[in-house]
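> First the structure, then my questions, so here it is.
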Amino acid sequence: MNSSLISKPTLFSFRECLWFLDRNYDECLHKISNSRVTKAIQFNNKPLVFSLADKDQDILIQIEEGHATPSMMEELRSWVQDWLDIQRDIRPFYQMLANHGKLNYMTKEFNGLRLIGIENLHESICWCIIGQQINLSFAYKLKRRLVEEFGTRVRTATGNFYLFPSPETLSSVSVETLKALQFSRQKADYIIQISKSFSDGLISKEKLSTLPDLKEKKYLLTSLKGVGEWTANYVLMKSLREPDCIPLGDIGLLNALSNHALIKNRKDSRSMEKLFSAFEGWKSYLVFYLWRSLAIPNFHH
DNA sequence: AACCAGGCGCATG
DNA sequence: CATGCGCATGGT
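Those letters in the first sequence? Residues 267 to 567, per this note's numbering, in order.
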């Protein structure tokens, strides 16, 4: 089995999703070319390279490297649906956007954009730690070094693809090694310790998602050194798809709110709460769309 | 040339 | 509880 189709729901745009995956950053875990995204993932300890392309009313999944049994293909289909958040009916969110005087333009401008996730929880947390307090281009550079140094490489006819390094691998790396890749001592420490927590089974996506309430999830996440409020919320929104998690204090979020004249200054939490209270159940989506708005050149209210 | 980036932990008042 | 500090480097 080397291909499969997923039918598109309403309010889904492959082009918008592809735009997000492409942006203008040096992403090392997938490649975009000819309106297709290609990526390596791991199933049953075996790497598999697949691509996604737009095909009329469907999304075409193709296996680029490796072999997929029918059950693996079924798993891959489900993985892709999670990654691009394909199954969610986002019409309620669009209704909320449409009702908002300043944000209703988004229903047209970003039509069909889905909250693209980070399915691997360990990767998601490491990515947050890498990105803390540094500019995104440097963050992507650090991630690339980490992935190319410690991740599994899959060779294909069209180039190399990488899997994010496993917790086992990263937990046995030394601080000095990461420092040589220009990680700060703290970031190196956090990543190694958190990788240990994963390989020791102290935390896993399974464990985190089965916790009964959000407070416990946040508590478990922030008990890890290097994971604060921002990271916990980012991870819950991107990896567990919690509907109402806002990475508070996020500089991009604050800039977007300020561009739309929705807050007076960075400490204007009252205006923020007022805005988000109108998006109950869809706060994470609103954050994602606000981030999307940052890419509009010279956007000012 | 300063200043600030997808923050966080730790030390103080 | 609030505020200050260091962190690593690159972009503006």
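Each residue gets a CB set at the ideal place from its N, CA and C atoms; glycine is no exception.
Out of W496, I327, W393 and I298, which one is the CA nearest neighbour of F449?
Locating residue 449 in the first sequence gives position 183, where the first residue counts as 1. Residue W393 is the option with its Cα nearest to F449.
> With a threshold of 16 other CB atoms inside 10 Å of the CB of G492, please say whether the residue is buried or exposed.
As a working note, residue 492 is residue 226 in the first sequence. That one is buried.
> With 16 as the cutoff for other CB atoms within 10 Å, does G367 come out buried or exposed?
On the first sequence, residue 367 is found 101 positions in, with the first residue counted as 1. Per the 10 Å Cβ criterion, exposed.
> Which residues does DSSP list as the beta-bridge partners of N386?
Reading the first sequence from its first residue, position 120 is the one you call residue 386. DSSP, once it has assigned bridges, lists no residue as partnering N386.
> Using the C-alpha atoms, what's the distance from D516 back to T497?
Start at 1 with the first residue of the first sequence, and residue 497 comes out as number 231. Start at 1 with the first residue of the first sequence, and residue 516 comes out as number 250. Going by the C-alpha atoms only, they are around 10 Å apart.
> Using only alpha-carbon positions, find the residue among Q452, F430 and L429 that is nearest to S440.
As a position in the first sequence, residue 440 is number 174, starting the count at 1. Looking at the Cα atoms, Q452 is the closest of the given residues.
> According to DSSP, what are the bridge partners of Y428?
Translated into positions along the first sequence, residue 428 becomes position 162. In the DSSP output, where bridge partners are listed per residue, Y428 has R419.
> Verify whether the separation of the beta carbon atoms of G518 and W548 is less than 8 Å.
Walking along the first sequence from the start, residue 518 turns up at place 252. Walking along the first sequence from the start, residue 548 turns up at place 282. Cβ atoms of G518 and W548: not closer than 8 Å.
> Compare the beta carbon distance of C511 and L520 with 8 Å and say whether it is the shorter of the two.
Position 245 of the first sequence, counted from the first residue, corresponds to residue 511. Position 254 of the first sequence, counted from the first residue, corresponds to residue 520. No, they are not a contact pair.
> Taking S437 as the reference, give the member of S463, Y371, G417 and E415 with the closest Cα.
As a working mapping, residue 437 is identified with position 171 in the first sequence. Closest by alpha carbon: S463.
> To the nearest angstrom, how far is it from the Cα of A561 to the Cα of Q328?
On the first sequence, position 295 is the one that residue 561 refers to. On the first sequence, position 62 is the one that residue 328 refers to. Roughly 30 Å between the two C-alpha positions.
> Mind reading off the beta-carbon distance from L412 to L447? Whole number of angstroms is fine, and I expect it under 8 Å.
Taking the first residue of the first sequence as position 1, residue 412 is located at position 146. Taking the first residue of the first sequence as position 1, residue 447 is located at position 181. Confirmed, about 7 Å.
> What is the DSSP secondary structure of Q308, counted as helix, strand or coil?
Working through the first sequence from its first residue, we reach residue 308 at position 42. In the structure shown, Q308 sits in a strand (DSSP, three-state: E or B).
> With Y428 and T443 assumed to form a contact (beta carbons below 8 Å), what rounded beta-carbon distance in angstroms separates them?
On the first sequence, position 162 is the one that residue 428 refers to. On the first sequence, position 177 is the one that residue 443 refers to. Rounded, the Cβ-Cβ distance is 18 Å, inconsistent with contact.
> Can you give me the C-alpha to C-alpha distance between F613 and R380, rounded to a whole angstrom?
Because the chain in this structure spans residues 267 to 567, residue 613 falls outside the shown range and cannot be described.
> Which of helix, strand or coil does DSSP assign to D320?
Translated into positions along the first sequence, residue 320 becomes position 54. In the structure shown, D320 sits in a strand (DSSP, three-state: E or B).
> Give me, in chain order, the residues of the same chain whose beta-carbon lies closer than 6 Å to that of L408; leave out the 5 immediate sequence neighbours on both sides.
Here residue 408 is taken as the residue at index 142 of the first sequence, counted from 1. These residues qualify, in order along the chain: I396.
> For N365, is the classification buried or exposed, using 16 other Cβ atoms within 10 angstroms of its Cβ as the cut-off for buried?
Within the first sequence, residue 365 is the residue found at index 99, counting from 1. Answer is exposed; the Cβ neighbour count stays below 16.
> Three or more C-beta pairs closer than 8 Å, one from the segment 268-287 and one from the segment 535-546: is that the case here?
These segments do not touch.
> Please report the Cβ distance between L318 and L326, rounded to the nearest whole angstrom; I am assuming they are in contact, meaning their Cβ atoms lie under 8 Å.
Start at 1 with the first residue of the first sequence, and residue 318 comes out as number 52. Start at 1 with the first residue of the first sequence, and residue 326 comes out as number 60. With a Cβ gap of about 7 Å, L318 and L326 count as contacting.
> Just mark N310 as buried or exposed, buried being the case when its beta carbon has 16 or more other beta carbons within 10 Å.
By one-based count along the first sequence, residue 310 stands at place 44. N310 should be labelled exposed.
> How many angstroms separate the CA atom of S489 from the CA atom of I382?
Locating residue 489 in the first sequence gives position 223, counting from the first residue. Locating residue 382 in the first sequence gives position 116, counting from the first residue. Distance between the alpha carbons of S489 and I382 is about 26 Å.
> Tell me which residues share the same chain as L514 and place their Cβ nearer than 6 Å to its Cβ, disregarding the 5 neighbours each side in the sequence.
Counted from its first residue, the first sequence places residue 514 at position 248. Within the same chain, L514 has close Cβ partners E495.
> Using the Cβ count rule (16 or more neighbours within 10 Å means buried), how would you classify D479?
The count along the first sequence starts at 1 and reaches residue 479 at position 213. D479 should be labelled exposed.
> I'd like the span of the alpha helix (DSSP H) that includes K297, first residue to last.
Position 31 of the first sequence, counted from the start, is the residue given in the question as residue 297. No alpha helix (DSSP H) holds K297; the beta strand (DSSP E) holding it covers H296 to S299.
> Report the three-state DSSP secondary structure of L480 (helix, strand or coil).
Counting from one through the first sequence, the residue named residue 480 turns up at place 214. Correct three-state label for L480: helix.
> Using a threshold of 8 Å, state whether the C-beta atoms of S550 and L387 are closer than that.
As a working mapping, residue 550 is identified with position 284 in the first sequence. As a working mapping, residue 387 is identified with position 121 in the first sequence. It is not a contact, given that the beta carbons lie outside the stated cut-off.
> Starting from I460, trace the beta strand (DSSP E) both ways and give me its first and last residue.
For the purposes of this step, residue 460 is taken as the residue at position 194 of the first sequence. Note, I460: premise wrong, no beta strand (DSSP E); alpha helix (DSSP H) at R451 to S465.
> According to DSSP, what are the bridge partners of P313?
As a position in the first sequence, residue 313 is number 47, starting the count at 1. Its beta-bridge partners are Q308.
> Mind checking whether K471 and L477 have CB atoms under 8 Å apart?
Sequence index remark: in the first sequence, residue 471 carries index 205 (1-based). Sequence index remark: in the first sequence, residue 477 carries index 211 (1-based). Against a cut-off of 8 Å, the Cβ pair of L477 and K471 comes out as no contact.
> What did DSSP end up calling L271 once you bin it into helix, strand or coil?
Counted from its first residue, the first sequence places residue 271 at position 5. L271 falls in the strand class under three-state DSSP.
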